[in-house]
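Notes to accompany the following structure.
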Amino acid sequence: MFKMFKNSFWVPYENGGIYPTVAKAQQAISKYCEENGYSYSFNGDDEVIINEKTYEIYRGYENGSRGSYGIKCRER
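Going letter by letter, the sequence shown gives residues 92 to 167 in this note's numbering.
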């Protein structure tokens, strides 16, 4: 009901013109977590646990990016 109040963040994704595959999304999230010292594990293609919090992985358009694709983690 209150999904708009959940924590979310965009993960840096260099190939914004190409739709991110599951493998590319997981690779980008792994790199992000390692660079920031976060613990992480993947529960499936569209779910990751980062620092003991479960996030849904969104792969699609970034709002306001003029058609670029991105990867977003949103707390469940």
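A virtual CB, placed ideally from N, CA and C, is assigned to each residue, including glycine.
Tell me, which residues are paired with Cys164 by DSSP?
The sequence position of residue 164 within the sequence shown is 73, counting from 1. According to DSSP, Cys164 bridges with Phe100 and Ile148.
Beta-carbon proximity list for Arg167, same chain, < 6 Å, skipping 5 on both sides:
Looking up residue 167 in the sequence shown gives position 76. Cβ neighbours of Arg167 beyond the five flanking positions: Thr145 and Glu147.
Say yes only if the C-beta of Ala119 is nearer than 7 Å to one or more non-hydrogen atoms of the ligand GTP, and no if none qualify.
As far as ligands go, the structure on display features none, and thus does not contain the ligand GTP.
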